[in-house]
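Colleague: Numbering (the numbering used here), first residue to last: 76 to 607.
I'd like to ask you about the structure that follows.
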Amino acid sequence: MRKKVDFLVIGSGIAGLSYALKVADHGKVCILSKSSAEETATKYAQGGIAAVMYTPDTYEKHIADTIIAGDSLNNREIVELTIKESTARIRELIDWGAAFDKKDSGDYDLAKEGGHSEPRIFHHKDSTGLEIEMALLNKINEHPNIDIHENHFAIDLITQHHLGVELKRSDKNICCYGAYSMDPLTQEINTILAKTTMIATGGAGSIYSHTTNPSIATGDGIAMAYRAKAVVENMEFIQFHPTALYNPNENPAFLITEALRGYGAVLKNINGEEFMEKYDERASLAPRDIVARAVDNELKLSGDDHVYLDATLINKDELIGNFPRIYAKCLSINIDIRRDMIPVVPSAHYVCGGIKVDEYARSSIKNLYASGECSSTGLHGANRLASNSLLESAVFSHRASLDALELAKTTDHCDEIPDWNAEGTVLNEEMILITQSLKELRSIMSNYVGIVRSNLRLRRALDRLEIIYRETEELYDKSILTVNICELRNMINVAYLVIKMAMQRKESRGLHYSLDYPREILNGKGGDGGTD
Ligand code: FAD
Ligand code: SIN
């Protein structure tokens with residue numbers, strides 16, 4: 076298939092869908108989604124979306140909380156504009172049909188999470204993401220200008236490279252003309268020519284053995300953009316969520332939302348003793364990097380497999396009323412959260428860095444935007460504040476739409492782009508080569524590039540990654556493409572960026588903690604971070 080559209084959108088989470096809705100009145104939109112449309116990280120978001128709505132909350136307080144959580148590596152201008160636009164974007168989601176919980180008074184029932192000085196999290200019980208995703212998809216399905224291609228996998232962005240031009244990352248005139256995508260059912264590779272392209276492909280938690288992310292989170296957009304010579308930054312800042320349900324054979328891990336701690340649940344060790352005060356005066360509601368590191372340290376010291384989250388002191392009706400999904404999930408494995416403590420462990424959750432974009436979500440490549448988890452706007456700094464991700468997606472997709480609508484008026488398609496050339500490739504009949512490399516990749520990342528790092532561990536990670544990188548590139552060059560090999564290649568690419576950027580950062584900052592550049596883990600008492 077060869078197709079021409081005005082707006083190509085890769086990804087059907089909050090970032091892709093909210094952007095598509097905004098440009099669709101002005102041209103043809105094609106959305107690619109590599110799984111079913113709703114299978115996104117957005118769908119699994121629990122806690123909610125942060126925004127300033129009522130006093131005594133203020134934009135200034137939310138801005139300050141974001142920068143404190145981000146260990147001051149944030150871009151202040153970007154933080155300010157994002158937070159100041161939060162109220163408008165929330166109202167828009169509500170107008171599109173997202174029903175956030177209200178109190179009897181009719182005001183929104185705002186929750187609190189780690190690092191927030193005020194309750195400001197809009198939520199729909201503990202299924203906020205599903206509520207937003209379905210509201211957006213309902214709107215998308217009604218729009219005559221939007222074609223959504225489910226189970227279509229974007230392989231590579233199209234640039235002058237595909238016209239035979241050699242490109243360098245420092246080139247200022249690299250231009251995106253669309254993308255090649257694969258229909259895994261027919262194995263046909265499509266050429267989609269677009270005036271503007273939006274990458275909204277989400278995160279990359281799948282590069283780790285244990286993650287809260289759905290299996291679609293393989294970093295495809297970041298890898299595609301990097302291969303196309305876009306600037307990618309801040310990849311060392313991988314956020315581990317401190318409280319994934321400890322249920323050894325379940326992957327992705329089921330998340331136990333931070334909002335539960337906002338309601339009063341506290342972290343305890345295996346002996347039922349609280350430990351967070353040792354690490355931070357905000358205790359269980361400290362920013363996520365601090366809590367995850369504290370849990371990791373406790374596990375290293377005790378040798379236990381998990382700690383506990385104790386929600387038993389919360390009013391039982393409120394507990395079930397506000398967290399029905401967590402209650403049902405835990406009950407399904409014989410944990411009654413009204414009476415039993417919940418076993419939890421940290422799990423890879425969020426990529427703070429990604430494709431570098433400006434205040435209109437423009438990447439360093441012309442006609443190419445990025446929004447959502449795959450992008451790096453400067454909002455999060457060295458550690459994302461809880462529930463700022465959905466907000467960032469809504470704000471930057473809105474801003475991208477303003478720019479793309481103007482750009483599309485003066486941009487033409489590039490008709491000279493050739494179709495995909497699959498000459499000389501054969502079917503790879505040895506799936507074991509791919510599954511084994513994937514296991515090795517995840518083991519490298521989990522063992523050497525986790526919550527606590529060191530120069531030695533990072534060097535070892537890079538050396539081992541280089542071996543599977545070479546093997547995979549060889550396999551890729553001679554194989555008929557499949558989603559599995561493309562995803563593996565993308566994950567290796569993203570892992571490389573995480574390791575390289577971690578090696579370049581000669582300090583412990585936010586989520587990047589290195590034993591070679593120690594910083595106190597324990598509140599005022601120091602700590603060695605244990606081993607990983
Ligand atoms: P996603 O929603 O992940 O969508 C990515 C899309 O890209 C999918 O449609 C996928 O199919 C598509 N895609 C990817 N690669 C390709 C390809 N090669 N070709 C075609 N399509 C492709 N954040 C908050 O702010 N609040 C929360 O409460 C919260 N809770 C969370 C709970 C969990 C369990 C998880 C995993 C994350 C949570 N987050 C939360 C983070 C937040 O959900 C995500 O960062 C956000 O939803 C990302 O949205 P997105 O649109 O960028 O990507
Ligand atoms: C959670 O509900 O704890 C996740 C919130 C987030 O990742 O922002």
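All residues carry an ideal CB built from backbone N, CA and C; glycine is no exception.
This structure is a prediction, so every number in the text was calculated from the model and none was measured.
For PHE315, which beta-bridge partners are listed by DSSP?
Modeller: Answer is ALA423, bridged to PHE315.
Colleague: Can you list the residues near the ligand SIN, meaning Cβ strictly closer than 5 Å to any non-hydrogen atom, in the order they appear in the chain?
Modeller: Ordered along the chain, the selected set is GLN121, GLY122, THR332, GLU333, ALA461 and SER462.
Colleague: Tell me the rounded alpha-carbon separation between SER93 and HIS473.
Modeller: Their backbone Cα atoms lie some 7 Å apart in a straight line.
Colleague: With three or more C-beta pairs closer than 8 Å as the rule, is the region 233 to 249 touching the region 407 to 423?
Modeller: Result no; under three Cβ-Cβ pairs closer than 8 Å.
Colleague: Would you mind sorting MET566 into buried or exposed? The rule is 16 or more other CB atoms within 10 Å of its CB.
Modeller: So MET566 counts as buried.
Colleague: What are the partner residues of LYS177, as DSSP defines its beta bridges?
Modeller: Paired residues: TYR183.
Colleague: Give the straight-line distance between the Cα atoms of ILE519 and LEU540, rounded to the nearest whole angstrom.
Modeller: Between ILE519 and LEU540, the C-alpha separation is close to 7 Å.
Colleague: Examine the ligand FAD and report whether any of its heavy atoms sits within less than 7 Å of the Cβ of HIS237.
Modeller: Checking the Cβ of HIS237 against the ligand FAD gives no.
Colleague: Could you please give the first and the last residue of the uninterrupted alpha helix (DSSP H) stretch that includes ALA475?
Modeller: That run of the alpha helix (DSSP H) goes 463 to 484.
Colleague: Look up LYS79 in the DSSP assignment and say whether it is helix, strand or coil.
Modeller: Strand.
Colleague: Sort out for me which residues DSSP pairs PHE228 with in a bridge.
Modeller: DSSP, once it has assigned bridges, lists MET257 as partnering PHE228.
Colleague: Quick check on the burial criterion: 16 or more other C-beta atoms within 10 angstroms. Buried or exposed for ALA586?
Modeller: This sequence places Leu at residue 586; Ala is not what is there. Its Cβ being crowded by 16 or more others within 10 Å, LEU586 is buried.
Colleague: Below 8 Å, how does it come out for the region 426 to 437 and the region 474 to 491: are there three or more Cβ pairs, yes or no?
Modeller: Segments in contact, yes.
Colleague: Leaving out five residues on either side along the sequence, give the residues of the same chain with a beta carbon under 8 Å from the beta carbon of THR486.
Modeller: Around THR486: LYS270, THR271 and ASN442.
Colleague: The ligand MG and ASP295: does the residue's C-beta get closer than 7 Å to at least one heavy atom of that ligand?
Modeller: For the ligand MG, the structure offers nothing, since it holds only the ligand FAD and the ligand SIN.
Colleague: Do HIS137 and ILE158 come within 8 Å of each other at the CB atom, strictly closer than that value?
Modeller: Yes, the pair counts as a contact, with Cβ atoms nearer than the cut-off.
Colleague: In angstroms with no decimal places, state the Cα-to-Cα distance between TYR588 and ASP258.
Modeller: Going from the Cα of TYR588 to the Cα of ASP258 covers about 41 Å.
Colleague: Rounded to the nearest angstrom, how far is the Cβ of ASN503 from that of LEU563, given a contact under 8 Å?
Modeller: Not quite, the Cβ-Cβ distance comes to about 11 Å (not below 8 Å), so this is no contact.
Colleague: Does the region 321 to 330 come within contact of the region 279 to 287, defined as at least 3 CB pairs closer than 8 Å?
Modeller: Yes, the region 321 to 330 is in contact with the region 279 to 287.
Colleague: Please classify THR234: does DSSP put it in a helix, a strand, or coil?
Modeller: Correct three-state label for THR234: coil.
Colleague: When burial is assigned at 16 or more other CB atoms within 10 Å of the CB, is GLY396 buried or exposed?
Modeller: The residue in question, GLY396, is exposed, as its Cβ has fewer than 16 Cβ neighbours within 10 Å.
Colleague: Report the rounded CA-to-CA distance for GLU546 versus ALA367, giving the unit in angstroms.
Modeller: For GLU546 and ALA367, the distance between alpha carbons rounds to 34 Å.
Colleague: Roughly how many angstroms lie between the CA atoms of ASN220 and TYR255, to the nearest whole one?
Modeller: Taking the straight line from one Cα to the other gives about 21 Å.
Colleague: Rounded to whole angstroms, what's the CA-CA distance from GLY605 to ILE365? Just pull it up for me.
Modeller: Note that GLY605 scores 33 on pLDDT, short of 50, meaning its location in the model is unreliable; the coordinates nonetheless yield the value given after this. Each residue's alpha carbon lies about 15 Å from the other.
Colleague: When DSSP labels each residue in this structure, what does GLY604 get in the three-state scheme?
Modeller: The predicted model places GLY604 with a pLDDT of 34, which falls under 50 and marks its position as unreliable; any figure quoted below should be read in that light. Note: GLY604 maps to coil in three-state DSSP.
Colleague: Assign GLU348 to one of three DSSP states: helix, strand, or coil.
Modeller: Coil.
Colleague: DSSP three-state call for TYR523: helix, strand or coil?
Modeller: Helix at TYR523.
Colleague: Around the Cβ of VAL104, are there at least 16 other Cβ atoms within 10 angstroms (buried) or fewer (exposed)?
Modeller: When all chains shown are included, VAL104 counts as buried.
Colleague: Check whether the Cβ of THR287 sits closer than 7 Å to any heavy atom of the ligand FAD, and report yes or no.
Modeller: Yes, since a heavy atom of the ligand FAD falls inside the 7 Å radius drawn around the Cβ of THR287.
Colleague: Leaving out the 5 sequence neighbours to the left and right, which residues in its chain are closer than 6 Å to THR557 when beta-carbon positions are compared?
Modeller: Result list for THR557: empty, nothing under 6 Å.
Colleague: May I ask which residues mark the beginning and end of the alpha helix (DSSP H) holding GLU135?
Modeller: Taken as a continuous stretch (DSSP letters only), the alpha helix (DSSP H) holding GLU135 covers 134 to 144.
Colleague: Please indicate yes or no: does the CB of SER464 lie closer than 7 Å to some heavy atom of the ligand FAD?
Modeller: The answer is yes for SER464.
Colleague: Taking 8 Å as the threshold (C-beta atoms), are ALA125 and LEU516 in contact?
Modeller: No, Cβ-Cβ distance for LEU516 and ALA125 is not below 8 Å.
Colleague: Hey, would you say GLU311 sits closer than 8 Å to ALA577, going by beta carbons?
Modeller: Yes, the Cβ-Cβ distance between GLU311 and ALA577 is below 8 Å.
Colleague: Kindly identify the DSSP beta-bridge partner or partners of TYR588.
Modeller: DSSP, once it has assigned bridges, lists VAL527 as partnering TYR588.
Colleague: Buried or exposed for ASP371, please, with buried defined as at least 16 other CB atoms from any protein chain shown within 10 angstroms of its CB.
Modeller: The residue is buried, with at least 16 neighbouring Cβ atoms inside 10 Å.
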